[in-house]
Amino acid sequence: MDYLQLLEDLFVAIPRQGPGSPEVLNRALALCDFDPEQALQVADIGCGTGTSTLALARALNADITAVDFLPRFLARLELHAQEAGLEKRIQTVCGSMDALPFADNSLNLIFSKGAIYDIGFASGVNNWRRFLKPGGLLVVSEITWCHANPPATLREHLEQAYPEVGTASSKIQVLENAGYSPIAHFLLPQTAWTEHYYAPLAEQFAPFLARHPGNEDAQSIVADNQAEIAMHNEYSTDFTYGMYIARKL
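Going by the working numbering, 178 is the number at position 174 of the sequence shown; the sequence numbering is gapless.
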């Protein structure tokens with residue numbers, strides 16, 4: 005396996021590939037305030053193994069296109085959709101989030117959790133806007149400072165990993181400049197990181213290494229994720245993900 009395949013092998017085994025929770029998704033959808041009778045066209049961009057995709061399908065009267073570039077993630081989503089009886093309302097697309105297959109003005113909702121940083125927040129919200137119908141909604145999470153003065157060591161590290169890390173107010177300004185009307189935003193609670201993401205991830209380290217004995221890349225992946233968990237534990241009051249809900253003007 006190459007490095008990317010190893011990452012896929014580790015993360016396919018857990019429900020979420022980033023911070024989140026049912027409560028976070030339900031809060032975001034409540035702020036969208038969709039008419040339950042309205043038939044929606046929805047895209048879940050960077051869907052991973054599809055925990056959020058399935059939740060969207062259960063909560064909305066929607067046909068959902070779930071996009072990710074890792075085939076094993078999509079295969080896991082397809083299996084779970086079939087088990088839940090939702091396969092007729094969920095279509096998977098293996099592809100890049102910067103080359104999406106949607107027609108202009110075709111979507112009621114674009115949802116993307118913990119993935120937009122791959123192409124940049126500003127680039128994503130600008131480029132995806134054209135796919136939304138007039139008045140369509142964008143629901144996206146992005147790494148966000150909890151306050152304006154994070155420790156210098158943390159700032160240096162995160163700005164290298166996430167060059168667009170910023171405060172919630174800076175993200176709202178980006179949305180406004182891109183042609184959206186912000187509806188609401190909120191910061192993810194710590195349980196979205198610890199209970200719903202890091203705990204299941206850490207449980208997979210030992211079996212993952214056992215599947216790849218002596219593999220230096222596998223060992224490096226585990227070490228990197230352990231370091232990320234330790235950093236989060238140290239600076240959990242300084243950064244998190246923000247969830248942003250905005251309407252296309």
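From the three backbone atoms N, C-alpha and C, an ideal C-beta is built for every residue, glycine too.
Buried versus exposed call for residue i [16 or more other C-beta atoms within 10 Å across all chains shown]
i, result
"L141", "buried"
"Y202", "buried"
"P154", "buried"
"T241", "exposed"
"M101", "buried"
"C98", "exposed"
"A61", "buried"
"L83", "exposed"
"T157", "exposed"
"S224", "exposed"
"G128", "buried"
"K92", "exposed"
"L297", "Shown here, the chain extends from 5 to 253; a query on residue 297 therefore has no answer."
"A210", "exposed"
Where the alpha helix (DSSP H) containing residue i begins and where it ends
i, result
"R31", "P26 to C36"
"A222", "E220 to E238"
"Q164", "A156 to A165"
"D13", "Y7 to F15"
"Q95", "Element bounds for Q95: not the alpha helix (DSSP H) but the beta strand (DSSP E), I94 to C98."
"R76", "P75 to E87"
"E207", "A203 to E207"
"L60", "T55 to A63"
Close Cβ partners of residue i (< 6 Å) along its chain, the five nearest in sequence each way excluded
i, result
"F212", "L14"
"P186", "I176, L179 and A250"
"A196", "P23, G24, S25 and V28"
"I49", "V71, M101 and S116"
"S145", "K117, G118, Y245 and M247"
"A206", "none"
"E12", "L74 and R76"
Nearest candidate by alpha-carbon position, reference residue i, set the options
i, options, result
"L8", "M235, D221, A32 and E238", "D221"
"L113", "T55, I120, E199 and V143", "V143"
"P105", "Y245, A206 and T69", "T69"
"C51", "N237, F115, A156 and Y245", "F115"
"Y184", "R93, F135, H161 and D228", "F135"
"V46", "V169, L33, D67 and F38", "D67"
"N229", "D72, T198, A182 and D6", "T198"
"Q164", "N65, Y121, Q194 and F77", "Y121"
"K137", "A126, Y166, A107 and C150", "A107"
"P167", "I123, A210 and K92", "I123"
"L78", "L90, E87 and Q95", "Q95"
"A63", "F73, N30, R76 and Q86", "N30"
"Q42", "L111, P193 and N219", "L111"
"A85", "W132, S56 and E12", "S56"
"N131", "N219, D39, G89 and N181", "N181"
"E87", "L58, V226 and D39", "L58"
Contacts around residue i, its chain only, beta-carbon distance under 7 Å, and the 5 residues preceding and following it disregarded
i, result
"A17", "Q208"
"L35", "I187, A188 and I249"
"A152", "T171"
"F125", "E146, E168, K175 and V178"
Bridge partner(s) assigned by DSSP for residue i
i, result
"G246", "E146 and L191"
"K252", "Y184"
"Q177", "Q177 pairs with nothing; no bridge assigned."
"V46", "I68 and L113"
"L136", "L111"
"L141", "L113 and R251"
"G170", "T148"
Close beta carbons around residue i, own chain, < 8 Å, minus the five adjacent residues each side
i, result
"R80", "V16, T53 and G54"
"T148", "V169, G170, T171, A172, K175, L191, F243, T244, Y245 and G246"
"H1", "The structure shown has nothing for residue 1, since the chain only spans 5 to 253."
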